[in-house]
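Following: one structure in structure tokens, then a few remarks.
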Amino acid sequence: MSPLLDVRDLSVTFHQGDRDFAAVDKISFTLSEGRTLALVGESGSGKSLTALSIVKLLPPGAELRGQALFNGEDLLSCSEARLQSLRGEAITMVFQEPMTSLNPLHTIERQIGEILQLHGMRGAIKMRARIIELLQEVGIPDPAQRLSAYPHQLSGGQRQRVMIAMALANRPKLFIADEPTTALDVTVQAQILTLLKDLQKRHNMAMLFITHDLGIVRRLADDVAVMQHGKIVETGPVETIFSKPQHPYTQMLLAAEPKGEPPPLDLGAKVILTADDIKVHFPIKRGFLRRTVGVVKAVDGISLSVREGQTLGIVGESGSGKTTLGLALLRLISSQGKILYLGQQIESLGFKAMRPLRREMQVVFQDPYGSLSPRLSVADIVAEGLIVQDKGLSFLQRREIVARALDDMGLDPKDMDRYPHEFSGGQRQRIAIARAMVLEPKFVVLDEPTSALDMSVQAQIVELLRDLQKKRGLAFLFISHDLKVVRALASEIIVMRHGQVVEAGEAAKIFNDPQSDYTKALFAAAFHIKADVSDAVSQ
Amino acid sequence: MSSAQFERELIFEGPTLAPALPAQGLIALSPINRRRLANFKAHHRGHWSFWIFMVLFGLSLFAEFIANDRPLIVSYKGELLFPIFRDYPEEKFGGFLAQTDYRDSVISDEIQSHGWILWPPIRYSYRTINRALPVPAPSPPTWMLSAAQCQAAAAKVLKPGEPNRGCRDIEWNWLGTDDQGRDVLARLIYGFRLSILFGLILAAISSIIGIAAGAVQGYFGGWTDLLMQRFIEIWSSLPRLYLLIIVSSFIVPGFFVLLGILLIFSWVSLVHVVRAEFLRARNFEYVNAARALGLSNGKIMLKHILPNAMVATLTFLPFVLNESITTLTALDFLGFGLPPGSPSLGELLLQGKSNLQAPWLGLTGFIIIAAMLSLLIFIGEAVRDAFDPRKTLA
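From first to last, the protein sequence lines are chains V and P. Here our numbering is used: the first residue of the first sequence is 8, the next is one more, and so on. Here our numbering is used: the first residue of the second sequence is 18, the next is one more, and so on.
Here it is, written out as structure tokens:
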């Protein structure tokens, strides 16, 4: 049987000034009906461009070469009109971001109906029945009631389900999913993946699945193609790739999961920071006079203590209030409840009074692209805290301290006069960590410091953080939704949901034997990509 | 700061790691600014406009050396005199007035016979009245006169017995004179300088006020923002031209009074752009990081957010400049602007309107204002291109 999709020597080239840059470089692969091919690679490897070029939805300026045979017909050379009739009918796509993929001004009935109408369905009653059927198929509860809902009334997972319903509306032969679960919480991710797998089986679709997450690949795919720098470096059935990877890059990817053990929990270590019954409530204001009509309880009564040389992990899904908690502990937003730093009460200190303490309490943010000012050189960024906190230093002394900090983070001090945009994501995160560490803090809040990074870089950053902690006896508050990273770093964890503690205690104990239903479901989804069947995680 | 801390010596073990400071030229440009400069130069029309404008503006700054009714240097009886910088009483040259009128033929003949005179290219200042007009004011550009008119005019200035060579013997008014007999070209040079300087000062001061107001609004948000926003909405919906007319009817409007009056309204034009930038940027992670490092609000605004807001501001600046110049011209045209006698483009237009038989007045005014505003718009376009984040940060 000839394959449904046969891609031969596909290249995507961008012209940048006088240079040509091949984002996708002569790749070939095939995909048969009823199979799932996972295109795996780190950011910038060209995997999304490959998917987009199959349906010719490339950004302007890209030059396309090669062949993509779909049922023997070359998609790259056929007319735009023919492509339009194929897109949404025989070939459909689902994108990463469910928040922006749906038009916010249309009801879901209208959005799904549009696809049906475009590809030839007529009659309001017939159409409504089909839409309800589709919504049911993708697991939207009470589909008949949800028809008139607008996207903002749905949760992220439900929106992605609607996107899938739209993609399935015309029974496509080829289904392209471009990181469809990356923006979702792990529990929702597990549900969506289960749904996709199920639908693919039922309709015997071919699925091209693009992802950076090897855990998903192992569970979902039949075949794997590993991409690096625009080339496919290895391809084969999923079992072979995972058991006997040939190419060094594949081996590196497989070995990239954050490893290692956190230091054992030591309840006798010096307590650096304690917080008692922290509450952060945001008032909801309405009307002309801005009267408070209610509160959003972002953090609702959390108590914790962080010890020297130990990491407290805060785990939770998006919207659980974990970042807000971190900012409150650093007194960057106002909160209620007692905060003790080395025995000193700090919850009522003003901005000026907090300033000397800022030196000892630092923070590293999630997005290494957003957390470095693009207008300052690396030396200026790292030295910024020194200028405020240590006014006695001369310019050259500061420069030397900065150089040493960069060296400690594994960066070349010679690059200190360059600008952030010249560095990769991982290097930028090291710069952000250097900025916090140069002040020699005692307590550091790490707010998802690895989430925006590629898997292999994540592992390096985790390694770096653990080393720093060991050398300097730092107390970390590690906020993350990524349980694998937390397991590698935290000796103690708190599982948060809706601003409250679900479970707290020694990390090893909780990971081995979670008590609450929610924690169990969370771990199953994160470690085994298993959807929860009870309603512990329902939103 | 205790002195002990100030004098603390840091001793590093091992070799120094910091690289030598990069060599810096006269103006150190960050890579982003270098790319912006390249973008600006790539916009050819804007780049050319910029240089043409700079040359014109640079020349007009030395208007006194180009168009003046006083000589640049006078050598009289072996003494070098600089009338352009100093007032000499006419006694020095045998006259009786407190100030010397060098254009008077008695004085110039006296000097010529005892030395020499170096005149600027145009021997009229903006307020010099040509008393030997070939035809009654407004008189047309000299090159438009007929030979008979020239000869009649030349006969008035020539000494009896000298041969009459017509137009070659009279002083030229390249662009004619206005209805008070003043040279249009001289007034144009001074008027151009006045308009641009006025526009620049107004744009600069209103930018400073506008940026400060927008920054405070955007950064602090909440009630501060709400109240200031409502105030600005009301303030900017006042009919400013009528108010200006009313105010200038009971204050004698000079350069700085007018500047002050226009400033009352012009500062609002930048506020909303800067406010929007600050609103956006105050939630950036690097701003949060700076807060966590202990930087004060003022420092964060200056160092981290202002550079972002400056992009919007600089992009708008040529247009704000244009607006300032147009407002001044409009006021002058209506007769509520600069005091009578000042060289002003608006007044030139007004003269053109009231002397339709003298088209050179209106045409000159129109062409120079149109050219000046177009140049600024082209520069503005190039600046906008230069700061386009899609071009610089891509």
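Every residue, glycine too, gets a C-beta built ideally from N, C-alpha and C.
CB-CB under 7 Å to residue i, same chain, minus the five flanking residues each way: which ones, in chain order?
i: residue 270 (chain V); result: 316, 317 and 498
i: residue 382 (chain P); result: 362, 365, 366 and 369
i: residue 436 (chain V); result: 375, 456, 460 and 468
i: residue 396 (chain P); result: 63, 66, 67, 70 and 335
i: residue 301 (chain V); result: 291
i: residue 10 (chain V); result: 37, 38 and 39
i: residue 328 (chain V); result: 305, 306, 503 and 506
Is the Cβ-Cβ distance between residue i and residue j less than 8 Å?
i: residue 217 (chain P); j: residue 393 (chain P); result: no
i: residue 344 (chain V); j: residue 307 (chain V); result: no
i: residue 461 (chain V); j: residue 50 (chain V); result: yes
i: residue 122 (chain V); j: residue 190 (chain V); result: no
i: residue 484 (chain V); j: residue 453 (chain V); result: yes
i: residue 167 (chain P); j: residue 193 (chain P); result: no
i: residue 110 (chain P); j: residue 128 (chain P); result: yes
i: residue 265 (chain V); j: residue 258 (chain V); result: no
i: residue 482 (chain V); j: residue 449 (chain V); result: yes
i: residue 73 (chain P); j: residue 395 (chain V); result: no
i: residue 1 (chain V); j: residue 509 (chain V); result: Missing from the structure shown is residue 1 (chain V); chain V here goes from 8 to 546 and no further.
i: residue 280 (chain V); j: residue 347 (chain V); result: yes
i: residue 307 (chain P); j: residue 317 (chain P); result: yes
i: residue 103 (chain V); j: residue 220 (chain V); result: no
i: residue 11 (chain P); j: residue 287 (chain P); result: The displayed coordinates of chain P run from 18 to 411. Any statement about residue 11 (chain P) would go beyond what the structure contains.
From the DSSP secondary-structure annotation, give me the bridge partner or partners of residue i.
i: residue 451 (chain V); result: V:369 and V:483
i: residue 100 (chain V); result: V:183
i: residue 282 (chain V); result: V:311 and V:346
i: residue 444 (chain V); result: The partner list for residue 444 (chain V) (beta bridge, DSSP) is empty, contrary to what the question assumes.
i: residue 81 (chain V); result: V:76
i: residue 213 (chain V); result: V:181
i: residue 113 (chain P); result: Paired residue(s): none; residue 113 (chain P) is not in a bridge.
i: residue 159 (chain P); result: Answer is none; residue 159 (chain P) lacks a bridge partner.
i: residue 93 (chain P); result: P:96 and P:132
i: residue 300 (chain V); result: BP columns for residue 300 (chain V) are empty, so no partner.
i: residue 287 (chain V); result: V:306
i: residue 194 (chain P); result: P:200
i: residue 350 (chain P); result: Its beta-bridge partners do not exist; DSSP assigns none.
i: residue 29 (chain V); result: V:20
Compare the C-alpha of residue i against each of the options and name the closest.
i: residue 257 (chain P); options: P:275, P:279, P:367 and P:169; result: P:279
i: residue 30 (chain V); options: V:352, V:520, V:345 and V:21; result: V:21
i: residue 299 (chain P); options: P:229, P:384, P:289 and P:236; result: P:236
i: residue 112 (chain V); options: V:156, V:414 and V:103; result: V:156
i: residue 340 (chain P); options: P:87, P:295 and P:213; result: P:213
i: residue 379 (chain P); options: P:270, P:205 and P:160; result: P:205
i: residue 201 (chain P); options: P:48, P:355 and P:84; result: P:84
i: residue 166 (chain V); options: V:142, V:347 and V:220; result: V:142
i: residue 185 (chain P); options: P:160, P:156 and P:208; result: P:160
i: residue 391 (chain P); options: P:375, P:343 and P:402; result: P:343
i: residue 341 (chain V); options: V:151, V:408, V:116 and V:287; result: V:287
Residue i: beta carbon under 7 Å from a heavy atom of the ligand GTP?
i: residue 287 (chain P); result: The ligand GTP is absent from the structure shown, which contains no ligands of any kind.
Within the same chain, show all residues whose beta-carbon is closer than 8 Å to that of residue i, passing over the 5 residues directly before and after it, in chain order.
i: residue 199 (chain P); result: 141, 143, 144, 145, 146 and 147
i: residue 206 (chain V); result: 144, 145, 171, 175 and 212
i: residue 522 (chain V); result: 510
i: residue 411 (chain P); result: Since pLDDT at residue 411 (chain P) reaches only 49, below the 50 mark, its modelled position is unreliable, and the value read off the structure follows with that caveat. Correct list: empty, nothing qualifies.
Among the residues of its own chain, which have a CB less than 6 Å from the CB of residue i, if the five just before and after it don't count?
i: residue 441 (chain V); result: 389, 412, 413 and 416
i: residue 533 (chain V); result: 193 and 490
i: residue 136 (chain P); result: 88
i: residue 322 (chain P); result: 295 and 298
Near-chain V residues of the region 55 to 70 of chain P (beta-carbon distance less than 9 Å), N- to C-terminal order:
none
Closer than 7 Å, Cβ to Cβ, to anything on chain P: give me those residues from the region 330 to 341 of chain V, in chain order.
337 and 339
What are the residues of the region 260 to 276 of chain P that lie near chain V, defined by any Cβ-Cβ distance shorter than 9 Å?
none
Members of the region 289 to 315 of chain P near chain V, C-beta cut-off 7 Å:
301, 302, 303, 305, 306, 307, 308, 309, 310, 311 and 312
Any C-beta of chain V within less than 9 Å: which residues of the region 204 to 231 of chain P qualify?
none
When you check each C-beta in the region 423 to 449 of chain V against every C-beta of chain P, which residues fall closer than 9 Å?
423, 424, 425, 426, 428, 429, 439, 442, 443 and 446
Residues in the region 389 to 406 of chain V with C-beta within 8 Å of chain P's C-beta atoms, listed in sequence order?
391, 392, 395, 396, 398, 399, 400, 403, 404 and 406
Identify each residue in the region 324 to 356 of chain P for which the Cβ-Cβ distance to at least one residue of chain V is less than 7 Å, and report them in chain order.
324
The region 347 to 365 of chain V: positions lying closer than 9 Å to chain P by Cβ:
358, 359, 361, 362, 363, 364 and 365
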